[in-house]
Structure formats: C-alpha cells, structure tokens
Amino acid sequence: MKKGIIILFTLLSISRLSAGNAASTTYANFSDIFGIDPNAGTNSFLTLLIPSGGKYEGMGTAFTAMSLDSGFLDANPAGSSFIKNSELTFFHNNWIADTNLESVTYTSRWEDFGIGIGGKFLYLPFTGIDDWGDRAQNGDGSYSSGYYTETVMTLNAAYTFLDNYYYHGLALGANVKMAYRGVPYSIAPDQSAVAVMADIGIQTKFNVLKFFSSRDKNFAFGFVVKNLGSEFITDPDPLPSMISTGIAYSPIRPMTWAFDVNIPFNLDGSKAEKVSYAVGLDLGLTSFLSVQSGFQIKTGLPRFSVGSSLDLEKFSVTANYTLDLTTQVSSLDRFSLALKLNLGDFGRMTRVERSQLLYLQGLEEYANGDISQAIAYWEESLEVRPDFTPAEQMIETARKTLELNQVIEENQTIDE
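Each residue of the sequence shown is one higher than the last, beginning at 9 in our numbering.
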C-alpha cells in the first residue's frame, strides 16, 4: 500500500477538528511538550493499535500484565488462561469524528487452558472534495466516495504451566490474526489488502509485599511480541510490530497499578516509532463498581483515559472517555462502551470451595487423632482439585505420623 493512503486516512480522521482558538493553543502547547515522531503513521493496519474499549482502554492500555477482561486479546494472549469467567463482550468505540470501531470477543477457560476469539471492524465514510468544495471526480467520471474499512479477526489459545496452590504458574499464549483493508476503487485503485500476523506472550502472577488476605496473587508480570507478519500487496508497508513488557501490583485489595513499556519495530528494518510508556489504575469502590484511569506517554500523541465499570452478577458495563490530540471539543467522540456477559466458570470456583472444605474437615479429624480419616478427606480434596498443594503436603505428613506411631507400638510390644 502506498504511504499516501495512510497519510490520507490520518488526515481524514482529524479533518473535522475545530476547537477554537483556546483549544488550538492547548493543542500547540501539548505538541511542543511531547514533540513529533517523524516515523509515526508509516505502518499499515493501524487498527491493530486502537483499543476496542473495556478496562484495557480505561487503564491507558497498561494491560500487558493484566487479565481482568477480554482486553488481553489486544494486550497479551497469555491472559486467556488466567481469565476468571467465560465472557461474551460487545464493544462500540466512537473514535474520531465519523470513524467508529465495532468489536466482539468471546473467551473461555478450562482449568489451565484458555481460548479466545475476537473481531473488530473500523469504518470511515469518505467523500472526495475538490479545491472548490465540489465532489471530486476521477478520470473516468466516477466520484471518489465510499467507506474505508479495516477488519481484524483473532484466534487465541493459552496454557498455564507449573500451576499450584502457592504459585500461579507461567502462562504461554498466542494469537493468530488475519486482517483485511477495504479501499473503494474510486478512492484508490488496488489498495485493498490482506494481512496475516501473530502475537506470542507470557504472563505470571505471584505475591510480593502483600498486606491483605486473598486467593488472588497481588503482583503480575507480562511480556509479549505483537503483530509479527506482513500484508500481501505490491510495495507493502510494515505492520505495527511491537515488544511490550509490563507489571501490575496491588498494594491493597481494591487497587491495582499497572505499568507498560512498548518498543515498536519494523520487520523490514525501517525505522519505527519511538518507545512509549503507559501507566494505569484500576480501583474498586464497591463490590460492583470500579473506576479506571490511565496515561500513555507517546511522542506526538499522548493519551489520557478515564472510565468506570458496573459489574453485576450476569453482566458488566464499562464506559470510557479518552483525551488526546485528536479529541474534538465540537463533537462527541472518543467515547467507548462495552457490554460484557458473564457466562460462568464451568464450576471452577465451586470445586475450589469444595476442596478447601474437605481440607478443613481433614484438619479437624487430624486434630482429633483420627489420622486415617484425615487422609481420606485430603485424598478426596485432591480428587476435586489436583493442584491443591496443602492437601498433598498434609497427606505426606500424616503418613509419616502413621509410620512413626507404628514404630512406637512395635517397640512397646518388644519391651513388654
């Protein structure tokens, strides 16, 4: 694809920005502070970098170490093996002016194995205008009009290795993505294209400086390489490939801070955009209401976002607003809405609670001196939840106790 198409798309997206003198001054001030990236906009399929919505967008895209919702499909494919519930989520992102992004995702998890599938569709209505304000005509007399579109489909799978009661394990995940760019012939002939790419990432969770009681680990680390692939067209532009690494930390139960470092690169060896950073916050106000905020520090295009999530038993609603140098004050844009349907966890939490109950019953029998019955409870606990390490350890301790008791009894018999 010719780079002129990318530039044309960018200009069209912000062409309706008319914020007045005060807003123009603010825009100029921010541009001076954050500078200009000379390599910005030189990649194709930039839809890959637009967040669909949800907490991923609300936290300023600082999500590489997070797995709160299906935003992991854009952030880190390893997240599907840590997601708590199966989810079906619908997103609407009123991006810039007439440009909208519609998305839908489904994710599910069976113990240590997670899957996901998602699709997003960006569309921009276009009507060519000449220098006199009239509709532009091509050489054959046709008018330059139609919809510029980009569609991305994602298939995801992830598995958690070494998972046990004390350690959340190491998750390895991958996305396989196919994208299609639709450019009407009347706008630019032969510029529609298909692209194929992949992501691969890891994620792990453990406890660090934890000052509250919870089954969940309070520290997470993630690393991902995204958009490894190519578009299939004459004179292709590189995809927006990127290496991202991030951490997430919960110093107290309702609060999680996240920080990401993003390093763009181009597979064709050309210069990529500059390194960017993102910091995000997820704060639970009640059991059903939380707020998110984030800031992405990116040369030429800093971004501040704020959002809120209402989490009910069967569904959740998340709304976000993003402020950056493309946000218009004359029209309502940069809002996103997400509706998430909670499809359950296939009885996973019920099994966890059942296993812990059997473990406690075993402790009670062990304290009462009935070691054999205690072992029976703990073995049943392991049948319900094979990774429940405390039950395994207590079985080993109890069997040693039985062996010691038997030795003592034999010695007493010999003495008599």
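Every residue, glycine too, gets a C-beta built ideally from N, C-alpha and C.
Check the Cα spacing between ILE255 and each of VAL283, THR212, SER295: the tightest is with THR212. Relative to the Cα of LEU333, the nearest Cα in the group LEU318, SER317, ILE195, ARG311 belongs to ARG311. In this structure, the CA atom of LEU309 is about 28 angstroms from the CA atom of LEU347. With respect to the 9 angstroms criterion, GLY49 and GLY288 are not classified as neighbours on the basis of their beta carbons. Note on geometry: alpha-carbon atoms of GLN369 and ALA399 lie some 11 angstroms from one another. For PHE231, the beta-bridge partners assigned by DSSP are ILE210, THR253. Residue state for PRO262 is assigned as coil, using DSSP reduced to three classes.
In the same chain as GLY292, and ignoring 5 residues on each side of it, the C-beta atoms closer than 8 angstroms to its own belong to ARG261, PRO262, MET263, SER298, in chain order. Contact annotation: ASP276 and ASN235 have beta-carbon atoms that are not nearer than 9 angstroms.
Between the stretch 235 to 251 and the stretch 213 to 225 there are fewer than three inter-stretch CB-CB distances shorter than 8 angstroms, so the stretches are not counted as touching. Looking at GLY124, ASP120, ASN108, MET74, the one whose alpha-carbon comes closest to that of THR97 is GLY124. With a threshold of 16 other beta carbon atoms within 10 Å, TYR174 falls short and is exposed.
A check of alpha carbon separations from GLY315 across ASN47, ILE44, LEU57, GLY62 identifies GLY62 as the nearest.
Assigned with DSSP and collapsed to three states, SER221 falls in coil, not helix or strand. Distance from SER317 to THR330 at the Cβ level is roughly 16 angstroms; contact not present, criterion being Cβ atoms closer than 8 angstroms. Here THR159 is actually not in contact with GLY126; their C-beta atoms are around 11 angstroms apart, not less than 8 angstroms.
With fewer than 16 other CB atoms across the displayed protein chains lying within 10 angstroms of its CB, SER380 is exposed. In this structure, ASN164 lies near GLY181, with their beta-carbon atoms less than 9 angstroms apart. Residues ASP82, PHE99, ASN101, LEU109, SER111, LYS128 of the same chain have their beta carbon placed closer than 7 angstroms to that of SER60, with the five preceding and five following residues left out of the count. One alpha carbon belongs to LEU371, the other to LEU170, and they sit about 26 angstroms apart.
Residue pairing by DSSP places ALA166 opposite GLY122, GLY181 in a beta bridge. Membership of SER380 in the alpha helix (DSSP H) is indicated by the continuous run 379 to 392.
Under DSSP, the beta-bridge partners assigned to LYS348 are THR97, SER324. With respect to the 9 angstroms criterion, ALA266 and ALA70 are classified as neighbours on the basis of their beta carbons. When rounded, the separation of the alpha-carbon atoms in GLY209 and PRO244 is 26 angstroms. VAL269 carries a strand assignment under DSSP once its states are collapsed to helix, strand and coil. In the three-state scheme derived from DSSP, where H, G and I count as helix and E and B as strand, THR113 is classed as strand.
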